[in-house]
Amino acid sequence: MSSSVRPAKASLTISALIVAALWAAGCAPIPHPEVLNQVDSVRQATATLEARKHAPTAYAKAEKLRHEARAAFANDDLAGSQIIAEQALAAYAEAVALARIVRAEGQRVGLAADATAAEKRLAALDVEHQKVAADIAALQGQLRVLRDAEPIQSSPAAKGDRERARGQAVKTLQLQARLLCVAGRLLTQSRGGTPPKELTDAASALAELDEWLARGPAAAPIDQATRARAACLRGLTVVRRADPDPAQATGADDALLTALSKAGYGRPLRDDRGVVVTLRDLFAGDAIGTAGAKALAAVAEVAKQHKSFPIMVVLHQRRPLDPRTEKRWRARGAALVAALKQQLGDRPVSPAQVAGAAAPLVDPQGPYSHRNERVDIVFITPRSL
Numbered sequence: 001m002s003s004s005v006r007p008a009k010a011s012l013t014i015s016a017l018i019v020a021a022l023w024a025a026g027c028a029p030i031p032h033p034e035v036l037n038q039v040d041s042v043r044q045a046t047a048t049l050e051a052r053k054h055a056p057t058a059y060a061k062a063e064k065l066r067h068e069a070r071a072a073f074a075n076d077d078l079a080g081s082q083i084i085a086e087q088a089l090a091a092y093a094e095a096v097a098l099a100r101i102v103r104a105e106g107q108r109v110g111l112a113a114d115a116t117a118a119e120k121r122l123a124a125l126d127v128e129h130q131k132v133a134a135d136i137a138a139l140q141g142q143l144r145v146l147r148d149a150e151p152i153q154s155s156p157a158a159k160g161d162r163e164r165a166r167g168q169a170v171k172t173l174q175l176q177a178r179l180l181c182v183a184g185r186l187l188t189q190s191r192g193g194t195p196p197k198e199l200t201d202a203a204s205a206l207a208e209l210d211e212w213l214a215r216g217p218a219a220a221p222i223d224q225a226t227r228a229r230a231a232c233l234r235g236l237t238v239v240r241r242a243d244p245d246p247a248q249a250t251g252a253d254d255a256l257l258t259a260l261s262k263a264g265y266g267r268p269l270r271d272d273r274g275v276v277v278t279l280r281d282l283f284a285g286d287a288i289g290t291a292g293a294k295a296l297a298a299v300a301e302v303a304k305q306h307k308s309f310p311i312m313v314v315l316h317q318r319r320p321l322d323p324r325t326e327k328r329w330r331a332r333g334a335a336l337v338a339a340l341k342q343q344l345g346d347r348p349v350s351p352a353q354v355a356g357a358a359a360p361l362v363d364p365q366g367p368y369s370h371r372n373e374r375v376d377i378v379f380i381t382p383r384s385l
């Protein structure tokens with residue numbers, strides 16, 4: 001073979017090799033884009049699998065985009081496949097976020113349900129506590145009855161200042177007994193009920209004390225006065241225990257005390273009757289003065305928001321009353337009650353109680369004896385504390 005033929009064959013061989021290499025390169029598979037691998041990795045993550053359960057719609061959208069990305073890649077649309085795969089990644093992330101929101105909302109609803117159940121249990125425990133407290137009060141009442149069954153042994157007469165102090169104490173106890181019995185009757189009336197036997201017996205004991213004092217005994221009947229007061233308090237307690245819905249009044253006296261304090265008139269406090277606000281200088285002569293009307297209106301405004309409390313008006317004087325002065329004070333009391341009823345409508349308000357000088361706050365003979373002249377607006381507590 002000539003030398004000119006050998007170069008031609010070599011050139012042909014090289015060309016063939018180049019063609020074969022290009023054919024092999026064109027037939028090699030195109031590698032998956034990295035973003036498709038990321039989609040598969042995210043799809044298998046625990047959070048994404050949770051999203052399948054808690055956010056199925058969003059998860060289905062992400063799955064659809066994943067299939068579309070793979071279909072685009074299979075059709076040699078590499079750019080479209082990458083774009084759709086990125087969308088699938090975003091859709092999976094959205095599904096995971098929605099699943100977290102759904103789980104958080106479920107936890108919130110569960111906690112709210114637990115809180116509601118706890119409140120119901122607390123309310124039930126409170127009612128049970130009130131029942132136990134009522135049972136204790138009943139047992140205490142029975143104990144007092146047993147004690148009262150003993151024959152009354154009157155304390156012997158004392159001498160001088162001691163006997164005068166006993167006499168003043170008897171007047172105070174007599175007044176307290178009367179006001180407690182009035183409170184019991186007023187509370188019974190507000191519920192449209194009938195006074196219980198305990199309250200009727202207390203009224204009889206108080207009437208006996210009044211008769212005893214009217215006879216002018218040689219010794220102040222301190223024991224009888226103490227028993228009459230205890231009987232009236234027990235009668236009021238029995239009325240309170242008959243409250244048809246004691247749970248509804250829980251905390252009502254605290255709220256009333258706070259409201260009266262915020263009203264800014266008098267100094268509210270508690271006693272056996274309920275919540276008491278003491279007002280002074282209500283009258284200009286025998287009529288309610290401007291300042292008095294303002295104070296009375298503020299108290300009435302609070303009373304409108306606490307309708308479960310019947311109201312008692314008690315007028316205290318700085319010195320004992322003669323018939324003429326007592327008549328004047330009764331007229332003042334009637335005016336006060338009328339003013340309250342005008343503002344409160346059908347709200348139960350007792351006739352005014354004129355107390356005289358039976359419950360002084362300071363020394364009646366001292367320089368501040370004028371402080372004993374006052375008006376008590378008493379909100380009768382509808383249930384035992």
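Numbered per the working numbering, the sequence shown spans residues 1 to 385.
Backbone N, C-alpha and C define an ideal beta-carbon position, used for all residues, glycine too.
Please read these numbers as outputs of a predicted model, since none were measured by experiment.
message: Residues in the same chain with beta-carbon distance under 7 Å from Arg241, minus the five sequence neighbours each way, listed in chain order, please.
response: Ala134, Ala137, Ser384
Other residues of its chain near Leu260: CB distance less than 6 Å, five sequence neighbours each side excluded: Pro268, Val277, Val302
- prompt: Under 8 Å between the Cβ atoms of Ile396 and Ala183?
  reply: The chain is shown only over 1 to 385; residue 396 falls outside these bounds and no answer can be derived.
query: Three-state secondary structure (DSSP) at Gln365?
result: coil
message: Just to confirm before moving on: does the CB-CB distance between Arg66 and Ala88 stay below 8 Å?
response: yes
- prompt: Which one of Trp212, Gly251, Leu296, Phe309 has the shortest CA to CA distance from Val375?
  reply: Leu296
- request: Could you tell me which residues DSSP pairs with His316 in its beta bridges?
  value: Gly356, Arg374
- request: Could you please give me the residues that DSSP links to Leu279 through a beta bridge?
  value: Val375
task: Go ahead and label Ala24 buried or exposed: buried means 16 or more other beta carbons lie within 10 angstroms of its beta carbon, across all protein chains shown.
output: The pLDDT assigned to Ala24 is 45, lower than 50, so where the model puts this residue is not dependable; a value taken from the coordinates is nonetheless given after this. Per the 10 Å Cβ criterion, exposed.
query: Using the rule of at least 16 other Cβ atoms within 10 Å of the residue's Cβ for burial, across every protein chain shown, is Ala45 buried or exposed?
result: exposed
- prompt: Thinking just about the alpha-carbon of each residue, which of Ala124, Ala335, Val42 is nearest to the one in Gly292?
  reply: Ala335
query: Using the beta-carbon count (16 or more within 10 Å), is Tyr368 buried or exposed?
result: exposed
- prompt: Bridge partners of Gly274, per DSSP?
  reply: Ile380
- request: Find the nearest neighbour of Gln82 within the set Leu36, Ala218, Pro221, judged by alpha-carbon distance.
  value: Leu36
- prompt: Should Arg215 go down as buried or exposed, given a rule of 16 or more other Cβ atoms within 10 Å for buried?
  reply: exposed
message: On the criterion of 16 or more Cβ atoms from any shown chain inside 10 Å, does Asn75 qualify as buried, or is it exposed?
response: exposed
task: Evaluate contact between the region 353-373 and the region 172-186, counting only Cβ atoms and requiring at least three cross-stretch pairs below 8 Å.
output: yes
message: Check whether the region 90-108 and the region 43-61 are in contact - that is, three or more C-beta pairs closer than 8 Å.
response: yes
task: Helix, strand or coil for Ala85, going by three-state DSSP, please let me know.
output: helix
- prompt: In its own chain, which residues sit with a C-beta less than 8 Å from the C-beta of Ala388, not counting the 5 before and 5 after it?
  reply: As displayed, the chain neither begins before 1 nor continues past 385, which places residue 388 out of reach and without an answer.
- prompt: Quick one: what does DSSP say Leu340 is sitting in, helix, strand or coil?
  reply: helix
Own chain, CB closer than 6 Å to Asp210, minus 5 neighbours either side, in chain order: none
task: Just mark Pro360 as buried or exposed, buried being the case when its beta carbon has 16 or more other beta carbons within 10 Å.
output: buried
task: Take the Cβ of Glu308 as the centre, count every other Cβ of all protein chains shown within 10 Å, and call the residue buried at 16 or more, exposed below.
output: Note that residue 308 is Ser in the sequence shown here, rather than Glu. With 16 or more Cβ atoms within 10 Å of its Cβ, Ser308 is classed as buried.
query: In terms of residues, what are the limits of the alpha helix (DSSP H) holding Pro56?
result: 56-74
message: Tell me the DSSP secondary structure of Ala220 in three-state form.
response: coil
query: With DSSP run on the structure shown, which of helix, strand or coil describes Ala335?
result: helix
- prompt: For Ala284, which of helix, strand or coil comes out of DSSP?
  reply: strand
query: Under 8 Å, do Gly235 and Ala202 count as touching if we go by C-beta distance?
result: yes
- request: For Val314, collect the residues of the same chain with a Cβ closer than 6 Å to its Cβ; drop the 5 residues on either side in sequence, then sort them by chain order.
  value: Gln353, Ala355, Asp376
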